[in-house]
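Enquirer: My structure is below; once you've seen it, I'll send some questions.
2 protein chains.
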Amino acid sequence: MYFEAFRAGAVYRLQPVTLSAAEIVAFAREFDPQRIHVDPNFAAQGPFGGLIASGYHTLAAVWKRWIEAGVLGDESMGGPGLDEVKWLAPVRPDDVLNTTVTISTTRRSERLERGIVSLHFDVVNQDGIRVMTCDGAVMVQLAPR
Amino acid sequence: MYFEAFRAGAVYRLQPVTLSAAEIVAFAREFDPQRIHVDPNFAAQGPFGGLIASGYHTLAAVWKRWIEAGVLGDESMGGPGLDEVKWLAPVRPDDVLNTTVTISTTRRSERLERGIVSLHFDVVNQDGIRVMTCDGAVMVQLAPR
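As given, the protein sequences belong to chains A and B, one line each in that order. Under my numbering, think of the first position of the first sequence as 178, with each following residue one higher. Under my numbering, think of the first position of the second sequence as 178, with each following residue one higher.
Structure, rendered in structure tokens:
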């Protein structure tokens, strides 16, 4: 999908994300080995009353669902970054996270022959509690002329 | 380390991060299965002229080095989020990424009995090219009184 086909305001509902306790611990051992993420006994005594997922894990797992949605294709040229990543509430083992992605803006790059598609992620758990929001972007090739 | 011990302006140099091609592909298969991250042959023909790491991989691998630095302890209460994550240049297999973390501000939470320590990450590769910058934060327990 080339840049010109993206429309601001389009909304996509992603397949749910669920992280098991084993996945939470495995990710955190590799990338965020704080005891609230890797040690269920410690975590049970800690500020969240149990194991919680690393925010980086939630972020990456939601991103995967966005890629799997197949909206971006091989015309993607990678992402310039993220803004306002907010981890608003704990993500616990076996939570079911539902994500809405909204295309907030589309604009031509000023410098380069490409477009920039901005995305807003809104992630809510099975109890209706918002656990994460995030603004991302992808650079996308222009259609051949 | 309790909140009161953190000092704005303190600078930490992290141990280097190096991602192998196999690690780049394995992470991206799980979290960012775009062909520029998982398919070396496709990536060689693509805009970056070769396989590049998912930005989420770089972000998480740098964060791990920060946790390993041992500045945060069990007094950490997790992170509220990230701002201005900028993926400025490609990270390629076997690049050597050197990271500086600067404590930008420390402040008491207005609502809760905790402190918020803001961190700026600056990641530069072996050629002196800045590949990522990011502002993060951690919530930290106050010292017992």
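In this text, a Cβ means the ideal position worked out from N, Cα and C, and glycines have one as well. As the structure is a computational prediction, the values presented were derived from the model and not from experiment.
Would you mind working out which of B:Asp260, B:Leu289 and B:Thr277 sits nearest Phe180 of chain B, comparing C-alpha positions?
Expert: B:Leu289
Enquirer: Of all the residues that make up the region 257-290 of chain B, which are near chain A by a beta-carbon distance shorter than 9 Å?
Expert: Pro257, Gly258, Leu259, Asp260, Glu261, Val262, Lys263, Trp264, Leu265 and Pro267
Enquirer: Where are the alpha helix (DSSP H) runs, 4 residues long or more, that stay fully inside the region 206-252 of chain B, in chain order?
Expert: 212-215, 217-222 and 232-245
Enquirer: Should Asp299 of chain A and Thr282 of chain A be called a contact, given that it needs their Cβ atoms to be closer than 8 Å?
Expert: Going by C-beta atoms, Asp299 of chain A is not nearer than 8 Å to Thr282 of chain A.
Enquirer: Does the distance from the C-beta atom of Met178 of chain B to that of Gly292 of chain B stay below 8 Å?
Expert: no
Enquirer: Which residue comes first and which comes last in the beta strand (DSSP E) that contains Leu296 of chain B?
Expert: Residues Arg291 to Val301.
Enquirer: Hey, could you find the ends of the beta strand (DSSP E) Ser281 of chain B is sitting in?
Expert: Asn275 to Arg285
Enquirer: Candidates A:Gln303, A:Pro321, A:Lys263 and A:Gly227: which alpha carbon is nearest Ala198 of chain A's?
Expert: A:Gly227
Enquirer: Between the region 253-263 of chain A and the region 190-209 of chain A, are three or more C-beta pairs nearer than 8 Å?
Expert: no
Enquirer: How would you list, in chain order, the residues of chain A whose beta-carbon sits under 8 Å from the beta-carbon of Ala238 of chain B?
Expert: For Ala238 of chain B, the residues of chain A that pass the 8 Å Cβ criterion are Phe208, in the order they occur in the chain.
Enquirer: Would Val202 of chain B pass as a contact of Val215 of chain B if the rule is Cβ separation under 8 Å?
Expert: yes
Enquirer: Under the rule that 16 or more other beta-carbon atoms within 10 Å means buried, what is Gly305 of chain A, buried or exposed?
Expert: Gly305 of chain A is exposed by the Cβ-count criterion.
Enquirer: Name the chain D residues whose beta carbon is nearer than 8 Å to that of Pro193 of chain B?
Expert: Looking for chain D here will not work: the only protein chains present are A and B.
Enquirer: Between Asp299 of chain A and chain B, is there a C-beta pair that is closer than 8 Å?
Expert: no
Enquirer: Closest to Val301 of chain A by C-alpha separation, out of A:Val239, A:Glu252 and A:Val294, would be which residue?
Expert: A:Val239
Enquirer: Out of B:Val268, B:Ser295, B:Leu296 and B:His297, point me to the one whose CA is closest to Glu200 of chain B's CA.
Expert: B:Val268
Enquirer: Could you check the C-alpha separation between Glu245 of chain A and Arg285 of chain B for me, to the nearest Å?
Expert: 41 Å
Enquirer: Would you give the residue range spanned by the beta strand (DSSP E) that Ala314 of chain A belongs to?
Expert: Arg307 to Gln318
Enquirer: Excluding five sequence neighbours on each side, which residues of the same chain lie with their C-beta closer than 8 Å to the C-beta of Pro217 of chain B?
Expert: The beta carbon of Pro217 of chain B lies closer than 8 Å to those of Ala198, Val202, Gly227 and Leu228 in the same chain, with the five residues before and after it left out.
Enquirer: What residues from chain A crowd round Leu249 of chain B, counting only those whose CB sits closer than 9 Å?
Expert: Gln211
Enquirer: Return helix, strand or coil for Val202 of chain B, following the three-state DSSP convention.
Expert: helix
Enquirer: Mind checking whether Ala266 of chain A and Val308 of chain A have CB atoms under 8 Å apart?
Expert: One thing to note: Ala266 of chain A has its Cβ within 8 Å of the Cβ of Val308 of chain A.
Enquirer: Select from B:Ser253, B:Leu296, B:Leu319 and B:Gln318 the residue whose C-alpha is nearest the C-alpha of Arg190 of chain B.
Expert: B:Leu296
Enquirer: Please report the distance separating the alpha-carbon of Phe219 of chain B from that of Glu252 of chain A.
Expert: 12 Å
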